[in-house]
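Protein chains in written order, with the numbering used here: chain S, 773 to 1213; chain X, 9 to 460.
Here it is, written out as structure tokens:
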């Protein structure tokens, strides 16, 4: 439908105003400080440049299990004491494991900053790895998997179930939560080896954001982390795989699911080496699925009414700026039995073809750019979100400043680049996973 | 490195957060607007809470279904805008709006880039006053809801909440929050329009706006958009008081073949302005309110029974509740239940340690500050407090009230609310596997989840 000439002017897309300084300790630990004195709270995040893509074959789920072990005490910190000290100082803490990194964070009243740094330094130096804690945390992780995967309809869909369809190598294809038998066979030696290999200070980034004084914080970091011995930093593996040239298909049966679901994955450009093209793919995901004005919501949900929900994102957990190549643009679709998966696939390709042939007009592009910017800014307003994002982006790109500048960088992407991103999502290069309700026949 | 580097640092004093500048205005139509300036990113957060008490008894199911369809369809067209125009206008200012409801109110929430606040408010005002609920949209959303409900009704967390609500609330409106498939199927456009016209109005409603703009400017924008909203709606109606909670047998809501049991306890609690509330908040925190709690130390970190056990305090208009949640492997249901009961008995029969109390106190004060440190968090926190007559003042004074709680206060509050003899117990799980072992602890009663 042609647009009228009276279209409202585009909104100016603002950036987040982040002050950033950085330094590197003698042992290789990279540090990013980002002061913001608007509230008396401070965030601390340590990111280790290892995720579940790096765990050894036969040890699926180990990176995540090891993250749990990092909360079991260290040289000067007893079991549960980490949580007690942080929470007892009025803070919150947690950690999480991703394909390409593992993070540990605290957010606390700013008077407790030194305590949080001391705690992170103590476990970076010497976590307390014991058989009893290992056995206990294997059980806890198994309950986590039961809650999130085994006792849930669509549990692990599609972050666990799509990669084995889309990828060939163990690193990219395997289940990051892990196989129960492999978790149970994890040993203390595995834990010591993993720590020694991947938790070197030179393989980590520390970010501190919020109510901090740069000089005082620099002194604390040097004093608390400076004594940790440097270790060899593992070479960054290349997890790259060729982009598929022939469609890949997979089917899983989910006894708890009441209706079918579908995931479609396409490879996108390298998020670090090909950032400009990658940004266009980020926008494409929004053009297709963000809100009722997006193309696939309109076509599949509102007009044709053949699906009940569609979402689209880059990266296993929808974290487009916290992943390394190879990355998928994933469309996740829930549809009733009366809709055949093939029909959904046809309509999706038809809409992609329409973008290729008709292009994207300025208004649609600007709307999507404004929306992505607002979402990024909201994420940046969260202290934990900001601190973590600074650490990951510094670890992967050496450029934490990017966190604040992403809104305007996305606003500069041109329509042609988004059209080109759509052209990359071909039938031949897609990976399709169908979830069918009920037990396998 | 020298030894002093390894000494654990002493926690320093943190300056007190300043109360952010705020202003409020109640329009002639009865709508109250609170605007708070929170420096941060150039985004505004909007929360709308309109009182809309649920219905109990026979009409409860129909009411829940109609309100659920209404919330899904209110943004799908007005006299001035099509569904697509609404979506595009919001997107153009980086915005989004969503609608939902609970047993006490109808709620809308959203955000936009700061410069888009007038557009966000204009769309909001338009849907509140002129939503048309086009026939095709109502039908489409109704069908989609039916599919979503089918999924919701397979999720153990939702099923356990519904089974617990059925047990705690009986025929009270609060028992009927999960919509029924048949009732949703029967919803018509006329019913949805009638519900909007008769129940959604500005009287006693609340709008919260938080952003990096001057409060007066935000209030003016809100008044321009919403000051002229008139309606004959009678938003609120008499809400029955919470029924008395009768503990009785352990209920096993049967879910054959489940690999986990969802353990739930619930009982009556006190509102946030009750004099015993600060002590109760700290008792709950020590028991299961944070990672350092006794419940986590016992059934997660010592026994490995569960991933994320916790207790909660919740507040609704008819009353407040205390509840406990733990999802455990089917095979350890009885021992996990026994340990949870043990911790409930411990906190209600002996004083907590002074160190435990201090840690819980600092955590409660600190987490309040952290929640209020973001625009979205502050907006949601205020939207939860203001309808109960609490607000920024209450937030500012809460650390002082928590500061004066003693270990004796904690014991008294725990005994009043958290004693197992005052709580109902509901287990969602495989009755064949767990009824025997659980029956050793107390009598059990097996129920069906088919009619939840």
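Note that CB positions come from ideal geometry on N, CA and C, so glycine has one too.
These figures come from a predicted structure and were not determined experimentally.
Distances from the alpha-carbon of residue 165 of chain X to those of S:933, S:1021 and S:923 put S:923 closest. Residue range 415-425 is occupied by the alpha helix (DSSP H) that includes residue 417 of chain X.
Non-local beta-carbon contacts of residue 307 of chain X in its own chain, meaning distances under 6 Å to residues more than five positions away in sequence, involve 313, 314, 317, 344 and 347 in chain order. By the Cβ-count criterion, residue 1130 of chain S is exposed, with fewer than 16 other Cβ atoms from all chains shown falling within 10 Å of its own Cβ. By alpha-carbon distance to residue 1071 of chain S, the top candidate from S:986, S:1118 and S:1039 is S:1118. Secondary structure note for residue 272 of chain X: it is in no alpha helix (DSSP H), and the uninterrupted beta strand (DSSP E) holding it is 268-277. Assigned with DSSP and collapsed to three states, residue 975 of chain S falls in helix. Per DSSP, residue 31 of chain X is not a residue of any alpha helix (DSSP H); the beta strand (DSSP E) it occupies stretches across 30-34.
Three or more beta-carbon pairs separated by less than 8 Å are not found between the region 804-823 of chain S and the region 844-858 of chain S, which leaves the two stretches without contact. For residue 1089 of chain S, the number of other beta carbons within 10 angstroms of its own is below 16, and it is reported as exposed. Between residue 1064 of chain S and the set X:90, X:56 and X:406, the nearest pair of CA atoms involves X:90. Here residue 816 of chain S is not near residue 904 of chain S, since their CB atoms are 9 Å or more apart. The beta carbon of residue 177 of chain X lies closer than 8 Å to those of 183, 250 and 251 in the same chain, with the five residues before and after it left out. Under the 9 Å criterion on CB atoms, residue 903 of chain S is classed as non-interfacial with respect to chain X.
Taking C-beta atoms as the reference points, residue 434 of chain X and residue 68 of chain X fail to come closer than 9 Å. For the 9 Å CB-CB criterion, residue 1079 of chain S and residue 1140 of chain S do not form a contact. Under the three-state reduction of DSSP output, residue 343 of chain X falls in the helix class. In this structure, DSSP gives residue 37 of chain X a state outside helix and strand, which the three-state scheme calls coil. Neighbours of residue 217 of chain X across chain S, judged by C-beta separation under 7 Å, do not exist; the nearest C-beta is about 15 Å away.
Residue-level contact by beta carbon fails for residue 1121 of chain S and chain X, as no gap is shorter than 9 Å. Annotation: the continuous beta strand (DSSP E) that includes residue 1104 of chain S extends over 1100-1106. 9 Å or more divides the Cβ of residue 800 of chain S from the Cβ of residue 371 of chain X. With distances taken between CA atoms, residue 118 of chain X lies nearest to X:129 out of X:112, X:109 and X:129. Rounded to whole angstroms, the Cβ separation of residue 1173 of chain S and residue 783 of chain S is 23 Å, and the two are not in contact under 8 Å. Look at residue 330 of chain X here: in three-state DSSP terms it is strand. Its chain contains 1187 as the residues whose beta carbon lies nearer than 6 Å to that of residue 1137 of chain S, once the 5 sequence neighbours on both sides are disregarded; these appear in chain order.
Taking a 10 Å sphere around the C-beta of residue 137 of chain X, we find 16 or more other C-beta atoms and assign the residue as buried.
With distances taken between CA atoms, residue 374 of chain X lies nearest to X:22 out of X:40, X:22 and X:17. In the DSSP assignment, residue 90 of chain X forms a beta bridge with X:85. Neighbours of residue 260 of chain X in chain S, taken as residues at a C-beta separation under 8 Å, are lacking, since the least C-beta distance is about 16 Å. Around residue 402 of chain X, the same chain offers 280, 281 and 393 as residues with beta carbons nearer than 8 Å, after the five sequence neighbours per side are excluded. If you look at residue 119 of chain X, you'll find it in the beta strand (DSSP E) that goes 113-121. Between the beta-carbon of residue 382 of chain X and that of residue 1154 of chain S there is about 5 Å, and that keeps the pair under the 8 Å contact cut.
The residue among X:356, X:51, X:288 and X:404 with its C-alpha nearest the C-alpha of residue 379 of chain X is X:404. In this structure the region 1190-1208 of chain S touches the region 1035-1054 of chain S; the number of beta carbon pairs closer than 8 Å is three or more. Membership of residue 402 of chain X in the alpha helix (DSSP H) is indicated by the continuous run 400-411.
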